[in-house]
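Participant:
There are 4 protein chains.
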Amino acid sequence: MAVTLSKHSYGKSHVCLSYISRKEDRHDFIQLSAEISLEGKFDDAYTSDDNSKVVPTDTMKNTVYAIARMHGVDSIEDFAKNLAVHFCQTYDQVESATVSVSEQLWTRIDCDGQPHGHAFTGGGSEQNTCCVSASADSITMHSGLKGLKVLKTTESGFEGYSKDQLTTLAETKDRIFATTITAEWDCGNVSEDWTAIRILVRSKLLEIFAHRYSPSVQRTLHEMAEAVLDSCPAISEITLNMPNQHHIPADIAKLGLQNHNDIFVPTPEPFGVIEATIRRDG
Amino acid sequence: MAVTLSKHSYGKSHVCLSYISRKEDRHDFIQLSAEISLEGKFDDAYTSDDNSKVVPTDTMKNTVYAIARMHGVDSIEDFAKNLAVHFCQTYDQVESATVSVSEQLWTRIDCDGQPHGHAFTGGGSEQNTCCVSASADSITMHSGLKGLKVLKTTESGFEGYSKDQLTTLAETKDRIFATTITAEWDCGNVSEDWTAIRILVRSKLLEIFAHRYSPSVQRTLHEMAEAVLDSCPAISEITLNMPNQHHIPADIAKLGLQNHNDIFVPTPEPFGVIEATIRRDG
Amino acid sequence: MAVTLSKHSYGKSHVCLSYISRKEDRHDFIQLSAEISLEGKFDDAYTSDDNSKVVPTDTMKNTVYAIARMHGVDSIEDFAKNLAVHFCQTYDQVESATVSVSEQLWTRIDCDGQPHGHAFTGGGSEQNTCCVSASADSITMHSGLKGLKVLKTTESGFEGYSKDQLTTLAETKDRIFATTITAEWDCGNVSEDWTAIRILVRSKLLEIFAHRYSPSVQRTLHEMAEAVLDSCPAISEITLNMPNQHHIPADIAKLGLQNHNDIFVPTPEPFGVIEATIRRDG
Amino acid sequence: MAVTLSKHSYGKSHVCLSYISRKEDRHDFIQLSAEISLEGKFDDAYTSDDNSKVVPTDTMKNTVYAIARMHGVDSIEDFAKNLAVHFCQTYDQVESATVSVSEQLWTRIDCDGQPHGHAFTGGGSEQNTCCVSASADSITMHSGLKGLKVLKTTESGFEGYSKDQLTTLAETKDRIFATTITAEWDCGNVSEDWTAIRILVRSKLLEIFAHRYSPSVQRTLHEMAEAVLDSCPAISEITLNMPNQHHIPADIAKLGLQNHNDIFVPTPEPFGVIEATIRRDG
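Protein chains in written order, with the working numbering: chain A, 1 to 282; chain B, 1001 to 1282; chain C, 2001 to 2282; chain D, 3001 to 3282.
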């Protein structure tokens, strides 16, 4: 039987790195997880016993630490770019290398109003992310964030939606709106100040979420995206994923008690899923 | 500023259903989780406060249970197809509906060699999956499985690979090969016996994994895919994802002891990632 | 200020080991995770900078692999005992050593009715467990299992319970009963056939769960414990923990549909928790 | 065969509540998960089919929302106390009720330096906890926190420890110290300002962690506990659990590169476990 290997990639996931940048007056600390994926002329390893073109994933792992030594880790974008370019330039058989990095965030401990020089708290669900794809003649770069959990206790409603015989949802002008934001935007391929852009994106996302009345997750998502595009000329497109993590009014009427829209059951499942890509025109 | 809503979808995830099929002599039991995603004319909800086209995700949740009542749950493929078609046929604004279902597996308890009529054990990582996309004029269907964890203690090696100054991996003719198989194949859109096909696919995957010497994960993956295509004429293409979950020989030489290739450290991270799509020619 | 160090222990958790026992005609394979906890004369490390009594937890990790080399891994109970005894006998400052082991289960792949010699499937939630505490003059040993997920679709009810103004639960003679069994029993400290006992315990737990009508989780738990004590003279006491993992009838009446006690919503939370210890009299 | 039901308890876990306290100028928001466990005269349900004494765990769930209505949720300690007392006072068969509450933390979004009135970020691993046990004539209360993840990049070492032939760990004066703090302290049973105490405890834990050189996890744990007892007269005893979450220097010497103690591999397992209870004397 004749078959075709129509698509294939391989790589290493969850290569974890902690990096200390020892400044004179303080230490900076970055903890990241990298995923490397290569595409190219690796067919022989699939269709025969010939591994001669295969760069072991163990070597990819070593490369993460070697690149950290050789180039440092100034930002996850720079680091991912250095890695992706290395794989493309070093191995003829590599046609494209994609490196995704997610960064666990650590915040300086504040003691008596002073940020500490080398002690941090962590553990948040929010992560900074980036994804860089490099080939012989191009580099595409995306920055992002994920796990940014937000909630507002009011100024959110849902009314005027499509109804039929399977609709039981009650319209409301005042509900809890909780979501976990995942965002990804293009960030050019020259040396932008990725970190400054991320800070600006994040602040715009939070500002709109907090300040605008939300008639639907969709509308708020779109307004958040617009605000980002409006304030960051470097970004031409942003994708937002915002699940609707429901907090349902507890049914205490059946207990002879009244719910003043203040007692809720947060539910892990099911949840709504809303995702859209918005791009700047022209 | 002018922006374009270039891509968008929304839906409901983790709608969980347990379904008892009460046969005369026994109960069949199926537990599944459905994810529904709609694309269509929902722009107004993003660009204005107009929700009139939005089918609430709460209604999608209700629909899962209503479809279970109206059509039963014969297979996850049939169930997903019924759901996807319902959304396309019921709502003009829906251009395509995608329904993904994963099924937790339950096995009849065996008492004194007799399969019990209504008692089961569960808890395995393996799940049956399917994904159905329906539009006004077409349906595409894929079946799959995920979480199928397999391991062989020998008959696996890795030699003759590309080496450079960042290579430290030692070649071996005898290593542990552990992976967790995710597979997805097209399964026609007529009423195939999806379950019979899945059982055949699964047995071929396991057979090749167990019986062939593995010179690389890539090679074994390809052989497994070939065997599936060879034995299942209904399948034209299969995608396999097989991470390389490393068990590393424990370094006990530093303790003055000898490792006879029998004492290993199983490692959660990093892990290799190998994925490929193989299709039948012609 | 004067303070007292009233209780303290330290150790290493998640020391993971994969062990191949190479028999002539087949390989046996065991994958386990060990946790070691020491109590003893370690006060100085807490109350001063003196670490001289501290056995590094890194050494404990090394010891796991060394003991695997020196004594093999016949059963998790033997292995845990060898480890616990090692720490007590080797270090004067150790007053007691507790070693808990959990084993991930691997099942031989069956090909054409033949169990394969070295290929396995895994991924189940069920684990075998044991806990051994050793001091200079005593050893106590417990065997157990956890993660044994079971479900019955009928022959379970709940009626005649205490009612008051906060009760909204409806009585039922026919509900789904789903739980995940954790069991722990004493298993002597001499060389019992731990594995044979575990197999017998497991089969008794499943047999009673499957065959007896359950008027409450409590009643079934007690009957399961009684059956174990009745059939295993070596066991004098067993503790069972059986959460009540609710599958709630889907409320489709509000959709104008009828639930024939066959369409349920499995819920991750909240869940009931039922735990009891039953011991043989006299 | 005669058996004895030597110990038993039952209850409900993961009863989740979101509570909005609507103040004039802002909303306060609390999200918690409660676990209720009852002990008492429930033997009949185990040893016979008599459920007449059993308070359904479903009623316990309802009670969580009813108590939120009747008494509000000022602090998790008050809430847990109200719940525990309710069960003891309402049901004769209850001999003791234990209520454990963990609170997910939400932080007000800061917009242009102003804390927002009803929008929050969440997602941190840190939780506030408490545990209240009530019987007819006594109440014991503990407050705590868990999931407080901290890391320092220097000012931590480990030297002078016990060595033998299984020791391979190198001594160091400069290592990363990372841990996730779990703390529990007694907090009286009268109406203390639990929240003020928790804030003080937390600040003392962080202050000592950040500012003192750590010769061992044990020493630092003890100093942290001492500082808490020293600054909080209301606390007589504190238990701290501080796993040693290792970041291991990446072995890049094998790549011909030098590690300046700045490139590390963070490891999920194995990890050290250090736990101690320290109490005030006299």
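Note that beta-carbon positions come from the ideal geometry of N, C-alpha and C, so glycine has one too. Here the structure is a predicted model, which is why all the values come from computation and not from measurement.
Can you list, in chain order, the residues of its chain whose CB lies under 8 Å from that of isoleucine 3109 of chain D, leaving out five sequence neighbours each side?
Facilitator: Position 109 of the fourth sequence holds residue 3109 of chain D. The residues are Pro3115, His3116, Ala3119, Phe3120, Thr3121.
Participant: Per DSSP, methionine 3141 of chain D is paired with what?
Facilitator: Residue numbering aside, residue 3141 of chain D sits at position 141 when the fourth sequence is read from its first letter. DSSP output for methionine 3141 of chain D lists D:Val3132 as bridge partner(s).
Participant: Could you tell me which residues DSSP pairs with phenylalanine 1158 of chain B in its beta bridges?
Facilitator: The count along the second sequence starts at 1 and reaches residue 1158 of chain B at position 158. In DSSP, phenylalanine 1158 of chain B forms a bridge with B:Thr1172.
Participant: On the DSSP letters alone, give me the boundaries of the beta strand (DSSP E) that asparagine 2241 of chain C sits inside.
Facilitator: One-based indexing of the third sequence puts residue 2241 of chain C at position 241. Segment 2237 to 2241, the beta strand (DSSP E) holding asparagine 2241 of chain C.
Participant: Taking tyrosine 3010 of chain D as part of the beta strand (DSSP E), name the residues at either end of that continuous run.
Facilitator: Here the question's residue 3010 of chain D lines up with position 10 in the fourth sequence. Here the beta strand (DSSP E) through tyrosine 3010 of chain D covers 3003 to 3022.
Participant: Taking alanine 3119 of chain D as part of the beta strand (DSSP E), name the residues at either end of that continuous run.
Facilitator: The residue labelled residue 3119 of chain D in the question sits at position 119 within the fourth sequence. Note, alanine 3119 of chain D: beta strand (DSSP E), 3114 to 3122.
Participant: According to the Cβ coordinates, are tyrosine 19 of chain A and threonine 57 of chain A closer than 8 Å?
Facilitator: Residue 19 of chain A sits at position 19 when you count from the first residue of the first sequence. Residue 57 of chain A sits at position 57 when you count from the first residue of the first sequence. Contact flag unset, no.
Participant: Give the range of the beta strand (DSSP E) segment to which isoleucine 3252 of chain D is assigned.
Facilitator: Along the fourth sequence, one-based indexing puts residue 3252 of chain D at 252. It is not in any beta strand (DSSP E) - isoleucine 3252 of chain D carries neither H nor E in the DSSP assignment.
Participant: Inspect the CB distances between the region 1272 to 1281 of chain B and the region 1225 to 1243 of chain B and report whether three or more fall short of 8 Å.
Facilitator: The region 1272 to 1281 of chain B is in contact with the region 1225 to 1243 of chain B.
Participant: Please decide whether phenylalanine 3120 of chain D counts as near chain A, where near means a Cβ-Cβ distance under 8 Å.
Facilitator: As a position in the fourth sequence, residue 3120 of chain D is number 120, starting the count at 1. Interface residue, yes.
Participant: Can you have a look at proline 3270 of chain D and say buried or exposed, based on whether 16 or more other CB atoms are within 10 angstroms of its CB?
Facilitator: Here residue 3270 of chain D refers to the residue found at position 270 of the fourth sequence. Buried.
Participant: Determine, using beta carbons only, whether lysine 3012 of chain D and methionine 3070 of chain D come nearer to each other than 8 Å.
Facilitator: For the purposes of this step, residue 3012 of chain D is taken as residue 12 along the fourth sequence, with counting starting at 1. For the purposes of this step, residue 3070 of chain D is taken as residue 70 along the fourth sequence, with counting starting at 1. Not a contact, by the Cβ cut-off of 8 Å.
Participant: Are the Cβ atoms of isoleucine 2197 of chain C and serine 2133 of chain C separated by less than 8 Å?
Facilitator: Counting from 1 along the third sequence, the entry for residue 2197 of chain C is found at position 197. Counting from 1 along the third sequence, the entry for residue 2133 of chain C is found at position 133. Going by C-beta atoms, isoleucine 2197 of chain C is not nearer than 8 Å to serine 2133 of chain C.
Participant: Can you tell me which of the three DSSP states threonine 1267 of chain B falls into?
Facilitator: Sequence index remark: in the second sequence, residue 1267 of chain B carries index 267 (1-based). Here threonine 1267 of chain B sits in coil by DSSP.
Participant: Going along chain D in order, which residues have a C-beta closer than 7 Å to the C-beta of glutamate 155 of chain A?
Facilitator: Counting from 1 along the first sequence, the entry for residue 155 of chain A is found at position 155. What glutamate 155 of chain A touches in chain D: His3118.
Participant: My assumption, with CB atoms under 8 Å, is that isoleucine 36 of chain A sits in contact with leucine 83 of chain A. Please give the rounded CB distance.
Facilitator: For the purposes of this step, residue 36 of chain A is identified with residue 36 of the first sequence, where counting begins at 1. For the purposes of this step, residue 83 of chain A is identified with residue 83 of the first sequence, where counting begins at 1. Yes, isoleucine 36 of chain A and leucine 83 of chain A are in contact; Cβ-Cβ is about 7 Å, under 8 Å.
Participant: Secondary structure at glutamine 3245 of chain D, three-state DSSP: helix, strand or coil?
Facilitator: For the purposes of this step, residue 3245 of chain D is taken as residue 245 along the fourth sequence, with counting starting at 1. Three-state result, glutamine 3245 of chain D: coil.
Participant: Quick one: measure Cβ to Cβ for leucine 145 of chain A and arginine 202 of chain A, integer angstroms, because I've assumed they're closer than 8 Å.
Facilitator: In the first sequence, counting from the first residue as 1, residue 145 of chain A sits at position 145. In the first sequence, counting from the first residue as 1, residue 202 of chain A sits at position 202. Confirmed, about 6 Å.
Participant: So with Cβ pairs under 8 Å, would you call threonine 180 of chain A a contact of chain D?
Facilitator: Counting from one through the first sequence, the residue named residue 180 of chain A turns up at place 180. Chain D contact via Cβ: present.
Participant: What residues from the region 67 to 101 of chain A come within 8 Å of chain D, judged by C-beta to C-beta, listed N to C?
Facilitator: From the region 67 to 101 of chain A, only Ala68, Arg69, Met70 have a Cβ closer than 8 Å to chain D.
Participant: If you measure between the beta carbons of threonine 3129 of chain D and valine 3101 of chain D, is that distance less than 8 Å?
Facilitator: Walking along the fourth sequence from the start, residue 3129 of chain D turns up at place 129. Walking along the fourth sequence from the start, residue 3101 of chain D turns up at place 101. Yes, these two residues count as a Cβ contact at 8 Å.
Participant: Check whether the Cβ of glycine 1272 of chain B lies closer than 8 Å to any Cβ atom in chain D.
Facilitator: Your numbering for residue 1272 of chain B matches position 272 in the second sequence. Not an interface residue.
Participant: For glycine 40 of chain A, count the other beta carbons within 10 Å of its own beta carbon; 16 or more makes it buried, fewer makes it exposed. Which is it?
Facilitator: Residue numbering aside, residue 40 of chain A sits at position 40 when the first sequence is read from its first letter. Looking at its Cβ environment, which holds 16 or more other Cβ atoms inside 10 Å, glycine 40 of chain A is buried.
Participant: Are the C-beta of leucine 1221 of chain B and some C-beta of chain A separated by less than 8 Å?
Facilitator: Walking along the second sequence from the start, residue 1221 of chain B turns up at place 221. Chain A contact via Cβ: present.
Participant: Under the three-state reduction of DSSP, which class applies to glutamate 1126 of chain B: helix, strand or coil?
Facilitator: Taking the second sequence and counting its residues from 1, the one referred to as residue 1126 of chain B is at position 126. Correct three-state label for glutamate 1126 of chain B: coil.
Participant: 8 Å is my cut-off, CB to CB: does asparagine 62 of chain A come that close to chain D?
Facilitator: Indexing the first sequence from 1 puts residue 62 of chain A at position 62. So yes, asparagine 62 of chain A belongs to the interface.
Participant: Closest to threonine 267 of chain A by CA distance: which of A:Ser75, A:Leu32, A:Ile176 is it?
Facilitator: Here residue 267 of chain A refers to the residue found at position 267 when the first sequence is read from its first residue. Checked all of A:Ser75, A:Leu32, A:Ile176; the closest Cα to threonine 267 of chain A is A:Ile176.
Participant: Give me the Cα-Cα distance between glycine 188 of chain A and lysine 81 of chain A, rounded to the nearest whole angstrom.
Facilitator: Numbered from 1 along the first sequence, position 188 holds the residue referred to as residue 188 of chain A. Numbered from 1 along the first sequence, position 81 holds the residue referred to as residue 81 of chain A. Between glycine 188 of chain A and lysine 81 of chain A, the C-alpha separation is close to 12 Å.
Participant: Residues in the region 35 to 64 of chain A with C-beta within 8 Å of chain B's C-beta atoms, listed in sequence order?
Facilitator: Correct list: Glu35, Ser37, Phe42, Ala45, Tyr46, Thr47, Ser48, Asp49, Asp50, Asn51, Ser52, Lys53, Val54, Val55, Pro56, Thr57, Asp58, Thr59, Lys61, Asn62, Thr63.
Participant: From which residue to which residue does the beta strand (DSSP E) around threonine 2107 of chain C run?
Facilitator: As a position in the third sequence, residue 2107 of chain C is number 107, starting the count at 1. Segment 2107 to 2111, the beta strand (DSSP E) holding threonine 2107 of chain C.
Participant: Per DSSP, which one or two residues make a beta bridge with glutamate 1275 of chain B?
Facilitator: As a working note, residue 1275 of chain B is residue 275 in the second sequence. Per DSSP, A:Ser9, B:Asn1241.
Participant: Please report the straight-line C-alpha distance between alanine 253 of chain A and alanine 2250 of chain C, rounded to a whole angstrom.
Facilitator: Walking along the first sequence from the start, residue 253 of chain A turns up at place 253. Walking along the third sequence from the start, residue 2250 of chain C turns up at place 250. So the alpha carbons of these two residues sit roughly 20 Å apart.
Participant: How many Å lie between glutamine 3165 of chain D and valine 2055 of chain C at the Cα?
Facilitator: As a working note, residue 3165 of chain D is residue 165 in the fourth sequence. As a working note, residue 2055 of chain C is residue 55 in the third sequence. Distance between the alpha carbons of glutamine 3165 of chain D and valine 2055 of chain C: 12 Å.
Participant: List the residues of chain D that glutamine 1165 of chain B touches, going by C-beta distances under 9 Å, in chain order.
Facilitator: Here residue 1165 of chain B refers to the residue found at position 165 when the second sequence is read from its first residue. Residues of chain D passing the Cβ test: Leu3255, Gly3256.
Participant: Quick one: measure Cβ to Cβ for tryptophan 3194 of chain D and serine 3033 of chain D, integer angstroms, because I've assumed they're closer than 8 Å.
Facilitator: For the purposes of this step, residue 3194 of chain D is taken as residue 194 along the fourth sequence, with counting starting at 1. For the purposes of this step, residue 3033 of chain D is taken as residue 33 along the fourth sequence, with counting starting at 1. Actually they do not touch by this definition, with Cβ atoms about 18 Å apart.
Participant: Identify each residue in the region 2010 to 2023 of chain C for which the Cβ-Cβ distance to at least one residue of chain D is less than 7 Å, and report them in chain order.
Facilitator: Going along the region 2010 to 2023 of chain C in chain order, one finds Tyr2010, Gly2011, Lys2012, Ser2013, His2014, Val2015, Cys2016 with a Cβ nearer than 7 Å to chain D.
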